[in-house]
Every structure is written in C-alpha cells, then in structure tokens.
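Protein chains in written order, with the working numbering: chain A, 20 to 382; chain B, -19 to 257; chain C, 127 to 402.
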Amino acid sequence: MKKRILSILLIAAIGASILGCGNSKSSTNDISAKAEGEGGKTIELTNVSYDPTRELYAAYNELFEKHYKEEFGDTVEVTQSHGGSGKQALEVANGLEADVVTLALEGDVQVVADAGLIDDGFTSEFDLDSSPYTSTIVFLVRSGNPKNIKDWNDLIRDDVGVITPNPKTSGGAMWNYLAAWYYFEQQGQSESDILDSIKKLYSNVVVLDSGARGATTSFVENKQGDVLIAWENEAFLSLKEYPGEYEIVVPSVSILCQPTVAVVDEVAKKHETQDVAKEYLSYLYSDEAQEIEAENFYRPSTKEIYNEYVSSENSDTITKIPEDGKWINDKITLTDINHFGGWKKARATHFADGANFDSIYEE
Amino acid sequence: MNKKKRIIPGFGISMGITISILSIVVLIPLSSLVIFSAKLSFSEFIYTVTRPRVLSGYFVSISTSFIASLINVFMGLALAWVLVRYDFKGKRFIDGIIELPFALPTAVAGISLTHLTTTNGWVGQIFYKLFGIKIAYTRIGITIALIFIGIPFVVRSVQPVLEKIDIKYEEAAFILGADSKTTFLKVIFPEILPAIISGFTLAFARSIGEYGSVVFIAGNTPYETEIAPLLIMSELQEFDYSAATSIALVMLAISVVILSVNALAQGIVSKRVNGKI
Amino acid sequence: MNLRKENKALKYFLIIISFIFLGVFLILPLIYIIITALKNGVAAYVNAISDEYAIKAALLTLEATLIAVVVNTIFGVFAAWLITKYTFRGKKILSTFIDLPVTVSPIIAGLIYVLTFGRQSSLFPILDSYGIQIIFAVPGIVLATIFVTFPFISRELIPVLTSQGTDEEEAAALMGAGLFKIFKKVTFPNVKWALLYGIVLCTARSIGEFGAVSVLSGHLRGKTNTLPLYIELLYQGYDFTGAFAASSILVIFAVVVLVLRLVIEKRGEKNLDIKK
C-alpha cells in the first residue's frame, strides 16, 4: 500500500515535470511559429477586443480567413480575447501579445500607444479615425415600457431604477455618461445643474457593474432595474436573444460611439504579422465586412450600406428586430467626443481620480 | 543552541529547496509590490489609501467578512460536532462535501448564488415577498457569498481537535456532577478554542480578499457594496498602478496582521490551557 | 460504553441544522447548476461540453492543476520537514511567509506577477530576449495556481510531524539511514493521510481558481482560457446553458476528487484494522 501510494506520487511527479518542460517549450515555440508563419502556410493572429464584439468578430474572422486564403493563399487563425475595454488595453500594454486591438474607444488604444507599442498617428492609419463601425447609446426597457421611459430626464425620476456599468472600468459606461451629460447640456442647464442631474441619475443606479456585459446580464437575466443604458448593438442583441421581453427606447439625443482599431506595431513586428494585421483591419471596411457589422447591429461606415439598413419608420420604440432587417434609427441627434474636447480632456474632466464622476458619489 | 548537532541528515537540501521555491513563488513577486508602491511619496501613499471611497471599501470588506466568519464559527462548530460525535445516515456524504467551496470556482459559486438570491430567484423571492429583504446586490448578499467560501476553514480546523479529545474527560466531569453545558464550556471549549481561532482567522483573511464570487453578487455600488479587491481592479483599469499597488499593500498588511494575531492568540491560549493543567 | 446521557433533542437539532445549512449553501447551488445545464436538453448539454474550446479549457485547467499539485507537494514535504525536524533561526518568519499566500487576495496574487514579469518590469527585457513569456501565457497561469494553493500541503503535514516528534528519525539517523530512507521508512507512513488530504485540498482549489488566473490569463480563447474563465466567457455571452454545463464539468471534477479521497481513506482504515 505504502509502496503503491509512493509510486503513484512519483509517477505523477515525473509526468507533470515532463508536462511542465514540454509546456514551457511549446509556449516559446508558439511565438516562433507565429513569427515564421510556418513557411507561409498558417499565420496566427491575436485580436484583443472589448466585451460586446464577441458575436461580431466570430462572424468576421470566418469571413476574413476565407478572404485571406483566396487572396493570398495563406491560412490565418485568429485568436480572440474579450473583456472590459480598459482592462484589455492595460493587459496589452503589460505584455499580452496582441497583433491588433479593436477597443471600445480611442482613449483605450491610446493607453497601448503610451506604452510604446503603437506608433503615433494610429487614428489616421485607417479611414474615418480608424473606426470601421460605430454605435450609439440607447435605452433597453421591459416589454410594454411599464415605467414609461422616453428620454434621459425620465432616468432621474425617483421611481426609476437604472442599470449602467461603472465608467471607471467600462468603456461603454463612459459613452453612457457623456450622452447623458450632453442631453442635460442641451436642456440649457448650467454645469452645476448638469452635475446635479447626473448625480440624481447615478443615485438611481441599482447595480453598477464593472463591464457592459455584466450590466446587460444584471438587467436581462437577473431582472434588476427598470432601464438599461446600453450600447445600441447590445440592446438589439437582447431583443434577438429574448424576443418579446424587451423594448428599445431611442432617446432624443445620444452620442456617436467610435470604437477604434489599431495594429499593435511592436508585437506585429516581432511576430512578422504586420501585413496580415493591416489587411485584417482594412478589410473591416470592405462591403462584405460592413454587411456583417450591420447584421450584428453596428452602424456601418460605408454610406451605401448604412443607407440599406436605415429604418423607414425611425420609430422611437423598437419592440422587435425589424423583419426587413432595417434597424438603424437615423433621426436621433448624435454628438461626438470632439464636443467634449477629445478623450484626453474628457477623461481628465470627468473620469480621472477626484474628477466629476467621483464627486457625484461624495457626500 | 547550535551546539546540539543536527542528527537528522538533509538540513541543507530541505532548506535549499524550501527557500528557492518560496523565493520564486512568493518573495520576489511580493517584493515587486513594495517596490511599485514606493514610487509614491509617503504623503501621496497615505492620501491614496485613505480616500473616503477606499476607506469604505475596506469597511465593507472587513465588516461583511467579520460577520460571515462569525456565522461560520457557529455553523462550523456545529458541523464539526455533528461529524465527530454523532452517527447518522449521510454522515460520510456531509464529510465529503465540506471541501466543495474550495473546489467550486468562485465565479461559478458567485453566479449561482446570485441567481438564487435575486428578488426573483428560488431563495431570494421567499425573503423578498415575506420580509421585504433583498439579498443579492446588498451587503447581505456579500455576506452569504463569504459564508460559502469560508465554511470549510472552520470545520476542518475544529474537527481534528475534537476527534482527539478523550471522551474520558467528559465522563469524568459528568461523574463529578457537571451538566452537559458546564462540561462543554469547562472541558471541551478550552481544548478547541485555538482551533476555533485559527479557523476564524483563516476564514476571515480569505473572505477579505475574496473577489470572484463577490463581484457577481455585490452590485458594486460605491460606498455601499464596493469591496476593496474591486477597488484594486478599478484602479488598475484606470491605469493607476501605484494606487492599485498601494491599496494592495494595505490589504497585504491587514493579512499579515490577521496572521500575527492568530499566532499570538494561539500562543496565549495554549499557555493558559497548559498553565491550568 | 458512553456514560454521558446523550441529549437526544440537541443531537437531532444539530443534525437538522447542519443538513439545512449545507443544503442551502452547498447543495442548492449545485442543483441549480445542474438544472440550468440540462434546461435545454441532454443533446444541448453534450454539445456544450464537447465544444472544442471547452475541451481545450478543461485540459489547460487539468494541466495547471497537475503541475501546481506536484510543485506544492515537493515544496510542502520539504518545508514541513524543515520546520519540524530541525531548529534554526528565522523559523517563525519562514512559516509566516509560507502561510501568507492563503490570506492574500487572489487579485493581489495576480497583480504581483504582472508587476514582476510584465512589460514595465526590469525582468521583462531579459525574459523577452530569450523568448520566454510568463504572464498572459500558460506559465503565468501555473504560477498563479501554485501561489493560491502554496501552503495547503505543508499546513496539513506540520501538525502531524510536530506531534510525532523527532525521536524516531533521530534513532534511524543514528543507525546510519540516509535522508530519503528515513523519510520513506519512518516519516512517510505516519503522514500519508495528512499528505493525501493536503493533495486533495490543493487539487480542489487549483481546479477552481478564478481571481488570480483571471488577472494573468489575457483570456486568449483556446490558449490561455482555463475552465473557470471559459465559464465566465460563456455566461457573459448569454450562453447560460453552456456556462452551467461547463460548470458541471468542474463540479464533476471536484466530486471525483473528494470521492477518491474518501475511498482511499476507507481502504487505508481497513488495512489498519486488518493489521490490528
């Protein structure tokens, strides 16, 4: 008995140490295999993206792999990583070897650039500030809109429970916050009034999740709150996943969200994947890719395709995914980040330690 | 001291292996935490770790952990007692599943506990409808999650000690006329007290640092249900390394204090017990 | 036999309380997981757990667990031996450091490795020039797993070794036995159950580690996603059935480990009885 236990332990030890060695070897091999591209046959590409793009990139990668095979004869294998945009940016800056990043906002890509991994001028590397698709912020409410929520000022009513993630940790939540700010600004409120309104809005927040997906889950699955402030694509996805249970309410004003893409130059150089990486991102602007983006409820940047998806009704309340697939509400007034002086300024004024967002939680 | 030669061979190799693995896994990484927070000046450091929101984070973590660990002491004691002293059907089964909270990923535990305790969950709706109590997304929810992860610590600390207590002492006490309450308090309790303390401190320390299960059930509202480990995460996501490491350092100091208090308490208790006998 | 009058009411009260407590806190979540996993039928369940990425994640989890258990067993045995069989300076500090990882938040555990091996660390260029990647790769996951379970085995061994004292080993040493012979013939038979329990704890905790691994993994699907991370990914992708199906794999792992322990222990007890 003793002997048996001892020998089992011994075998386990030897086995694991072999595994351990084999493993550390294979992980270094991975990198070199990527760099060599195995004689131009299989190229590995890592795309680090944010939370809601899972479905989009699952579809796009398939399209791109086919396109690359046809065009260049090589097989591309794309590895995806998803998470909160800020966290993802930080991990790339810390050494997560991403060939490309496709994040929720320019500010997060800037973090990677600040770490010295992306060359300057990444916003002009691809068309339209390197945003192949855009989105906006809308409300998701429960079927029949029981609390009769129409616009941003309904969110500061006493009887409304709001779900939005924490702008400190979530890219989408920063857009939510800024869109709300813009609305109250449009109402002609002074800065201190706007701050009061925002404070009221956040005091109505029932669950302050750390990411957009977590917030959606709290609202949709755990039935918290009366309204979810959400990415338009997330809201439509909820309509699709839970038909008949939710409605989208389009507010009078919102913000144009520009997710930013970039090649992580240093990593791509190391892996010798610069060309594939560049092709991967520029192909996002192709008609085929734009169609996929529109099908996944991102607003395409190509005008013709955008127009194909513009809804004829432009209704403020969307109860189901339109049968003709035309889902874009073109009527909504959108501001953009330039209104807030760009990301650097917006971050400093609103989201930095001790800035506006922190002040609304102080007693 | 050293005159007494080490008779058993192998001191060198044991020391060597222990120190080198310890250094690679624990010491070197921990020292980088200190190095990074040293990038702040002392006053900046103090400011960072005493901001109201950070203080409230410590408070939420410590208070919920304390209550959860206290509940675990009573439940853990009851469980250990039942497992050692009584025979009944399903005893082996209970004994076997005590470690389950170790094995179940904290995230999975968090997700399922949240689903169970929201106002429309299996358990949550009962409490909500009958008493108007919300569990998920409140401090009660956090406490529930921490009870879950802490229970094995207390049971497994107390159980072996309880097993060793010779039943003769109790019988002697009984013959001498002590009732069962007195027997428990005077004979058994002092014996298991060190084990209870160490179970409590371990559960407490583990709870303070818990992240995976709590983030799902907490609701993460600042000043209400935002725990200290989450603050570290959000500082990281704001790219503020020195703030994150500073808060981490304070939490590490709390861990060290808890461990030391435990060691101290063990010393005092064992002295008192031995002194009496 | 038992001289004390057993308080029947107290006995049943305690037993019932224990069952209710464990039922609500441990069994109910398990039942919930299994019911949700099977909500869409067995076919969907099988489909979910045979997914390519699910299998890769499960293998990675097993690999990290195996390595962590082996490293910690080696460490735990030597550390416990060192602390209980010799006297030397700094023993208290050493054992405090060994215990420290249990009380460190998993988030901090992940963070310290990011600080030590990440791009901003001074170690990074050296490692990078050899093409070694630690964080956001498998070695980082293994390290994190080792860290969170670090003292589990030594903690189980130390009390047993302490109560055994050093007389037997010293006698063996005086008779000329070497280190490994002493350990094998004298010490090991006394500590094997403690060692086994330590290994069980270590395995169980390694399988489920989430926080520290989450900080270090980079979440590369099919490469650095462990099973707990994969579950989170599915959960956030609205695939609740898939998430709970994958969770059930972990539940099965855990139950197998715990049952295995009971079986081996029972067999051990029987052997003892026969000897007696």
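Glycine included, each C-beta is placed from N, C-alpha and C at the ideal position.
All figures in this text were calculated on a predicted structure; none of them were measured in a lab.
Contact annotation: Ser100(A) and Gly344(C) have beta-carbon atoms nearer than 8 angstroms. Listed in chain order, the alpha helix (DSSP H) runs fully inside the region 55 to 94 of chain B are 71 to 77, 80 to 83, counting runs of at least 4 residues. Taking one beta carbon from each stretch, the region 338 to 355 of chain C and the region 255 to 266 of chain C have 3 or more pairs nearer than 8 angstroms; the two touch. Rounded to whole angstroms, the separation of the alpha carbons of Ser374(C) and Ala170(C) is 13 angstroms.
Of the other Cβ atoms in all chains shown, 16 or more fall within 10 Å of the Cβ of Met55(B); this residue is therefore buried. Just measuring C-alpha positions, the residue of Ala367(A), Asp355(A), Asp372(A), Ala371(A) sitting nearest Thr153(A) is Asp355(A). Under the DSSP assignment, Arg331(C) falls in the alpha helix (DSSP H) whose first and last residues are 314 to 334. Per the Cβ contact rule, the region 7 to 15 of chain B is not in contact with the region 211 to 222 of chain B (fewer than 3 Cβ pairs under 8 angstroms). Annotated three-state conformation of Glu96(A) is strand, per DSSP. Secondary-structure assignment with DSSP links Arg161(A) through a beta bridge to Tyr265(A). Residue pairing by DSSP places Ser68(A) opposite His101(A), Thr121(A) in a beta bridge.
Bridge partners of Ala281(A) according to DSSP: Val120(A). Contact check between the region 70 to 82 of chain A and the region 298 to 313 of chain A: three or more CB pairs, one atom from each, fall below 8 angstroms, which counts as touching. Exclusion of the five residues before and after Asp133(A) leaves Ala112 as the residues of its chain whose Cβ lies within less than 8 angstroms of its Cβ. With respect to Val195(C), Ser289(C) sits apart: the two C-beta atoms are not nearer than 8 angstroms.
Taking a contact to require three or more Cβ pairs closer than 8 angstroms, the region 225 to 243 of chain B and the region 226 to 235 of chain C qualify as touching. The residue among Ala117(A), Lys60(A), Lys85(A) with its C-alpha nearest the C-alpha of Val280(A) is Ala117(A). In terms of Cβ geometry, Glu150(B) and Ile176(B) do not form a close pair [threshold 8 angstroms]. Chain-ordered, the chain A residues with CB closer than 8 angstroms to the CB of Phe366(C) read Glu240.
According to the DSSP assignment, Ala249(A) belongs to the beta strand (DSSP E) that extends over 246 to 250.
In the DSSP assignment, Arg318(A) forms a beta bridge with Thr153(A).
No residue range can be given for Leu346(C), since it is assigned to no alpha helix (DSSP H) and is classified by DSSP as neither H nor E. Per the coordinates, the alpha-carbon of His369(A) lies some 14 angstroms from the alpha-carbon of Glu381(A). Residue state for Thr(-2)(B) is assigned as helix, using DSSP reduced to three classes. Non-local beta-carbon contacts of Phe107(B) in its own chain, meaning distances under 7 angstroms to residues more than five positions away in sequence, involve Ile113, Ile115 in chain order. One finds nothing in chain A with a Cβ atom closer than 7 angstroms to the Cβ of Glu150(B); even the nearest lies about 35 angstroms away. Taken through DSSP and simplified to helix, strand or coil, Thr352(A) comes out as strand.
Nearest CB-CB separation between Glu218(B) and chain C: not below the 8 angstroms threshold. Cβ-Cβ distances below 8 angstroms link Tyr191(B) to Thr86, Ile207, Pro209, Leu210, Met213 in the same chain, with the five nearest sequence neighbours on each side left out; the list follows chain order.
With a 10 Å radius around the Cβ and a threshold of 16 neighbouring Cβ atoms, Phe145(A) comes out buried.
Contact residues of the region 216 to 241 of chain B toward chain C are Leu216, Tyr221, Ala224, Thr225, Ala228, Met231, Leu232, Ser235, Val236, Ile238, Leu239, Ser240 (C-beta to C-beta distance below 8 angstroms).
Contact annotation: in the region 88 to 104 of chain A, residues whose CB is within less than 7 angstroms of a CB in chain C are Thr98, Gln99, Ser100, His101, Gly102. Ile267(C) is outside the set of residues whose beta carbon lies under 8 angstroms from a beta carbon in chain A. With 16 or more other Cβ atoms inside 10 Å of its own Cβ, Gln277(A) counts as buried.
Taking all protein chains in view, the Cβ of Gln246(C) is surrounded by fewer than 16 other Cβ atoms within 10 Å, so the residue is classified as exposed. Neighbours of Met213(B) in chain A, taken as residues at a C-beta separation under 9 angstroms, are given in chain order as Lys106, Thr188, Ser229.
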